[in-house]
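Protein chains in written order, with our numbering: chain W, -10 to 491; chain S, 18 to 348; chain X, 18 to 348; chain V, 27 to 315.
We put the beta carbon where it would ideally sit given N, CA and C, even for glycine.
This structure is a prediction, so every number in the text was calculated from the model and none was measured.
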Amino acid sequence: MVDIDKAFPGVRALSRARFELRAGEVHALMGENGAGKSTLMKILSGVYTRDAGQVRLNGQPVEITSPRQAQDMGIGIIHQELALMRDLTAAQNIFIGREPRRAFLLDEGALNRDTQAIFDSMNLKLEPTVKVETLTIAKQQMVEIAKALSYQSRVLIMDEPTAALNDAEIAELFTIINRLKAEGVGIVYISHKMDEIKRISDRVTIMRDGEYVGTVPAADTPIETIISMMVGRTLTNDALVIPDTSAAPVALEVRNLNRGREIRDVSFSVRKGEILGLAGLMGAGRTEVARAIFGADPRESGEIWVNGNRVGISSPQDAVRAGIGYLSEDRKQFGLATGLDVRNNIALASLERFIGPGGVINDSAMHETAEKFIRQLSIKTPSDTQEARLLSGGNQQKVVIAKWLLRDCDILIFDEPTRGIDVGAKAEIYKLLNALAEQGRAIIVISSELPEILRLSHRIAVMCEGRLTGVLPGGSSQEEIMRLATLRPSAVAETNSERKSA
Amino acid sequence: MTDTTAPAAKSGVRISGAFHRLLAFSGLIALVVVFSIASPNFMQTQNVLAILQATSVNGVLAIAATLVIITGGIDLSVGTLMTFCAVITGVVLTNLGMPLPLGILASILAGTFCGLISGTIIAKLKVPPFIATLGMMLILKGLSLVISGTKPIYFNDTPGFNQIALGSAVGSIFPSLPVPNGVLILFLVAAIAAFVLSRTALGRYTFALGSNEEAVRLSGVNVDRWKIAVYATAGGICGVAGLLIASRLNSAQPALGQGYELDAIAAVVIGGTSLSGGRGTVVGTLIGALIISVLANGLRILSVAQEWQTVVTGSIIILAVYADILRRRTL
Amino acid sequence: MTDTTAPAAKSGVRISGAFHRLLAFSGLIALVVVFSIASPNFMQTQNVLAILQATSVNGVLAIAATLVIITGGIDLSVGTLMTFCAVITGVVLTNLGMPLPLGILASILAGTFCGLISGTIIAKLKVPPFIATLGMMLILKGLSLVISGTKPIYFNDTPGFNQIALGSAVGSIFPSLPVPNGVLILFLVAAIAAFVLSRTALGRYTFALGSNEEAVRLSGVNVDRWKIAVYATAGGICGVAGLLIASRLNSAQPALGQGYELDAIAAVVIGGTSLSGGRGTVVGTLIGALIISVLANGLRILSVAQEWQTVVTGSIIILAVYADILRRRTL
Amino acid sequence: QENYNIALISKGFQHQFWQAVKAGADKAAADLGVTVTFEGPESETQVDRQMDMLAAALSRNPDAIGFAALDSQAATPLLQQAKDAGIPIIAFDSGVDSDIPLTTATTDNVAAAALAADKMAELIGGEGKVAVVAHDQTSRTGIDRVDGFVNRMKEAYPKIEVVSVQYGGGDQLQSTEITKSILLANPDLKGIFGANEGSAIGVANGKTELGSKIVVIGFDSGAAQKGMITSGVMNGAITQNPVGIGYETVAAAVKALKGETLPPIIDTGFYYYDAATMADPAIAAVLYD
Ligand SMILES: Nc1ncnc2c1ncn2[C@@H]1O[C@H](COP(=O)(O)OP(=O)(O)OP(=O)(O)O)[C@@H](O)[C@H]1O
Ligand SMILES: Nc1ncnc2c1ncn2[C@@H]1O[C@H](COP(=O)(O)OP(=O)(O)OP(=O)(O)O)[C@@H](O)[C@H]1O
Ligand SMILES: [Mg+2]
Ligand SMILES: [Mg+2]
């Protein structure tokens, strides 16, 4: 791909962008949020048409005008934003458009068998007949991967495939990638997780502001160099400092929280100024706990105490009133009002602040506030009146974070706060979390990335199968966390692969 | 999901699926029981057949609407399209004097063709379904009047015609069970539609479109073509409804049809199909249509004053759906 | 994005926003131009006033529907709620002999109250808006007949009553411009609704609910309360429509109203509001309502045969929306 | 005396005309000591809904049925079924193309509309343009009244031109808008005939709103129309005798049940009334509110 230009109304997404992929290589595409990575790949996969430039396949210039055409040329893509049909089963999703048929009829048996075969090859424990809407995002992501694999493409684009995955699943994915690579498939790999780049890719192309910056070999380029090419400056890495909060008052205490098999007798507390990491494998129940505390889902039993007072929380409204904020793990479904503009999304949880006499909204104050957060979090958007759904994934996440920062809660629960966020912004968010803690706020961070948990947490609570299996001091080892995360009292037989990769 | 949860979840889904259908059904049963107790005339064979007969036209229209609604669209033209098809049949059979099979074919083809046009306007021109089918509703209403010369077309020259809805193939075999053919046709259409939805590519894409059209497009599927196919199929089904109503009235009534779309859509929604698309069943729609006609018939049998019939119908529709929601929640 | 592109983008968005509104408007203008050329009677002051007057009731109902549709809901009860409010006013003014201001208050309160009930059924009982308002539509239709004794209630004892819609406050100041009060009220309601939508918390939540209700709930907003508030506001606006129609007919006609919801929703959708919620404007709705009445009036002025009027109306509705889509795409 | 149960299926329900028929039926029911039920579809186009009502009525096993057919043929199978069950059938308002009904209590709508044409011609001086606002393009009464009026004009008054016939569904508001359009399109119009109550009131409203001076002839009665005739907005109207139709239908049913013979047609008549004649006892008796 050479000299690719692409502009959206109000946004120049790509300007003379360039990218080259060889057969049998894993080529990482790096750049900050909104650098244009997804846009470039959508052009390659026929979703968008380019404004200028040329796409060459095997040296021949080609026109790719539709996803179908891209597929026919052997180009497959896993989109960053999940593109699944929620009401269909996993198998139906994977083979949409290519259903096995017997005469005129769909052959569901073959469909499910073929799907099972793909799942088996991925070492994925999933029923082909399960409806995708009942799956967690991680599982949905795995379905997307299975779908992309089923096309047996020569070029496979993966746009942040691991954003929602845990370590075991990432390891599984990497095994698959290596297998494909050996078969001569060229793979474009987009991710904000720097360690993965080293582990999996052969070459790295870096983009900034829609432009091509450079291509370097992955093996012998230091991560710091790549990062500085991405952000145009060098980042300093703050080491974890654990403040002594033992004397600080307890801000949030959860006692004997229960709901079915998802949450079993969970109790813990967070002090003012403390960052509590909540670790666990996917499906451990961390999100469930957070949502139960926040009143988003009902709980069967359990007490929630805020600042020493027991509070009755039966809806998110109660929680917010009690000073609790919750950043959900699925921004598209639960975080962002995608049709509203950036400004109103930021103000969504604190609208009453901008209401003057007679219920009239003070839009200029709202504008100023939004601008402040756009600057503070470097949200890439043409203006604060841009529709939120038109932002790049990472910038959408920043908008949701801004919403909770503005709300100014004493207790903040961040569920996967850096999912899909670039290194530069990640560092900003870490700084921000630390600053919030310093201001005396109690913070719970749920993350599937152990390095992130280790880097941020003053204390680490670990969950497994709905139970809290232990609380570790900050700076513990990954091994210690993993031991607790797999401590299964129910002693359910576990597949070896999961153990090993864990 | 871990190994332990998987089977439990699976059977859970299956049970709740079956149970859920049972729930809408139990609303219907409750109505039937209440009316049977309230009036001895309600459960007479004749009245049951009358209810089924009264369901047939609305039921067939509702099945057409179900297909479209599952794609996340809407079809306001089902009522007037039915009439248009009936008028076309009238022209073919009475004005042109063609044989009966041609008339039947004409109705279904006319419906399919109009559905094709609606579908094309929606898929290719990107006109929202509400507007496209609203426009179609008016166009067809006008055309029916124009073609028929604003007069009913009678089928007196085609003796077998009113047997389509009123004859009883079942009754000629089992005289004690004179189920009118119209009712048979309703169930036949329902069976075919259910089969198409669950077992064919058309059905698969119907659900897929309603679930996430963009995802379907990104999967390289020719979204436009399938969408048009769904509207065309729905149109063909309206053609069947046109035959049913024309046969029942032994005439094509050109002014009838507007307002029928609301009853059809109501049956669909009461039957549990979501207006936002992606989910729905033909069985649910049938039950929805039956609830509507059982209510109407039962209240008439009880000689409830007409103004109160409306009030009661409105309340029971809300209650029936609410009961369904409640029980699903406490599952 | 770089600094250089940002300002360009900003003004770009603004221009396209204004231009977009202009587009629906230009469809209206095109119709007006065509009819003016076709008939010298069309652009007479009196006819223009007649068109505006004819828009007033549907326009007000459409504004009510706009609010609800922006939340991603639908309100099928606007027409019969209007009638119900008119009947209530009739009872208060004629049967109970209360003074005029009380009658006006009664209508708006009745509307708000019914909207509150619909909203509560939708928000608290989670009954889909289509079903809840369909039920409401039937209930209110029946109740209007019951309360009025299936007879119109006349306002002969309240002399000022028909001045609400038919008098002309403007005309009494500028005799050459006898704009009826009904039209003024329409524009007043539109202005207030536009203000509420763009500048108040209620408006903001209306859009937010339609955009992503779950995200709003998880932001700690009392989603139920705001949703109920939107339906109640829409109900109050239907109360205004009830006053307008009662005043115009100098009577509360209990049987009227059903079917009006379709015209209202059509105006909303023609005006560019999406049925899936999250976006819409009052100005667009006004233009949509005007397109409908200009079409009806123009075709009648040209004495087009009634059956063809329907055909032409249907076609032009599709064309108008398609033209809008085309020009927006080529922007 | 036996408590007979008589089911009346009419063409409509909410309209004042049908309410007057119902009132007549109820009065007969009280006088004769029988029970009467009365229902009708939403609009006069819904032929199949009327069939459903008739079927439900049959299921109730009534002693007799009164039926105002929306379509002259469509109900034949059901009527046959009733006949086979020995249920006598009385037609009212419009006839049925069959010999099953024992009698028909009705008005000659064509003749009634022709009378309206005569009165219109008289009031506008025998020449000029007139228009019709009717309720329904396809229903029997709609067709008969439009035809009756238009044909009479053609035959008897060559200098009068019917420039426009439009339909407002009997909806007062819609009929008002139609009237205004007609008046604005034809400034030299002399008169409009409103072919049923809603249409007539709509025409009068439109006339008032535009301050026009045209001649308005209405049809049916009702409080509003009577008021408009008194105030002079409407010059006069034709009225049928709906109360009489309702009464006669029930009375005929009772006679049939008692085995008495019935005449083939019970003509309940129609009358022209205006401000001057409204108080006549003969006229006042057939007017309703
Ligand atoms: N459909 C669209 N309309 C308008 N602007 C868009 C659209 N799609 C993308 N953009 C803009 O184009 C720019 C590039 O977006 P893109 O999604 O390619 O970024 P990205 O590099 O994938 O970022 P991330 O790492 O956050 O996913 C962003 O500024 C984004 O806001
Ligand atoms: N939509 C769903 N339907 C059925 N089971 C679910 C669903 N979502 C989660 N679960 C189950 O609930 C339990 C807890 O899941 P939860 O998402 O809270 O875990 P988590 O620790 O937050 O994991 P993640 O890393 O995916 O966020 C798991 O057993 C999971 O399989
Ligand atoms: Mg991206
Ligand atoms: Mg989670």
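Exposed unless 16 or more other CB atoms sit within 10 angstroms - verdict on residue i
i	result
S/LEU343	exposed
W/GLY579	This structure cannot settle anything about residue 579 of chain W, because the visible part of chain W is limited to -10 through 491.
S/THR21	Because S/THR21 sits at a pLDDT of 35, beneath the cut-off of 50, its placement in the model cannot be relied upon, and the following sentence gives the value as read from the coordinates. Classification for S/THR21: exposed.
X/THR250	buried
S/VAL50	exposed
W/GLY455	buried
V/PRO290	exposed
W/GLU172	exposed
X/ALA208	exposed
V/MET77	buried
X/LYS141	exposed
Coarse secondary structure for residue i, derived from DSSP in three states
i	result
S/LEU279	helix
W/CYS398	coil
X/PRO192	coil
W/ARG448	strand
S/VAL147	Strictly speaking, residue 147 of chain S in this sequence is Phe, with Val absent from that position. Note: S/PHE147 maps to helix in three-state DSSP.
S/THR327	helix
W/ILE313	strand
W/PRO206	strand
W/ASP404	strand
S/LEU133	helix
X/ASN58	coil
W/ILE418	helix
W/LYS136	helix
V/GLN72	coil
Partner residues on chain S for residue i, Cβ-Cβ distance less than 7 Å
i	result
W/PHE93	THR217
V/MET260	Simply none; closest approach about 28 Å.
Proximal chain B residues relative to residue i, where beta-carbon distance stays under 7 Å
i	result
X/LYS143	Protein chains W, S, X and V are contained in the structure displayed, whereas chain B is not.
Contact set between residue i and chain X, taken where Cβ atoms lie within less than 7 Å
i	result
S/PHE147	VAL286, LEU292
Chain-ordered neighbours of residue i on chain V, where CB pairs are closer than 8 Å
i	result
X/PRO169	GLN42, GLY248, ALA249, ALA250
Closer than 9 Å at the beta carbon, the chain V residues around residue i
i	result
X/GLN323	GLN163, VAL191, GLN192, TYR193
S/ILE262	VAL73, ASP74
S/ASN64	ALA81, ALA82, LEU84, SER85, ARG86
S/VAL50	Correct list: empty, because the minimum Cβ distance to chain V is about 17 Å.
Beta-carbon neighbours of residue i, restricted to chain W and to distances below 7 Å
i	result
X/ARG221	ASN333, LEU340, ILE350
Under 9 Å by beta carbon: chain S residues contacting residue i
i	result
W/GLY98	Chain S residues near W/GLY98: none, gap ~12 Å exceeds 9 Å.
Short-range partners of chain W found in the segment 223 to 243 of chain S, where Cβ spacing is below 8 Å: PHE224, ALA225, GLY227, SER228, ASN229, GLU231, ALA232, VAL233, ARG234, LEU235, SER236, GLY237, VAL238, ASN239
Contact residues within the segment 282 to 314 of chain S, judged by C-beta distance below 7 Å to chain W: GLY295, ARG296
Those runs of the beta strand (DSSP E) which lie wholly inside the segment 23 to 90 of chain W and span at least 3 residues: 41 to 46, 49 to 51, 64 to 67
4-residue-minimum alpha helix (DSSP H) runs that sit fully inside the segment 172 to 221 of chain X, ordered along the chain: 180 to 183, 186 to 190, 198 to 216
Continuous alpha helix (DSSP H) assignments of at least 4 residues falling wholly in the segment 108 to 179 of chain V: 135 to 150
Near-chain V residues of the segment 100 to 121 of chain X - C-beta to any C-beta below 7 Å: none
The segment 390 to 402 of chain W: positions lying closer than 7 Å to chain X by Cβ: LYS392
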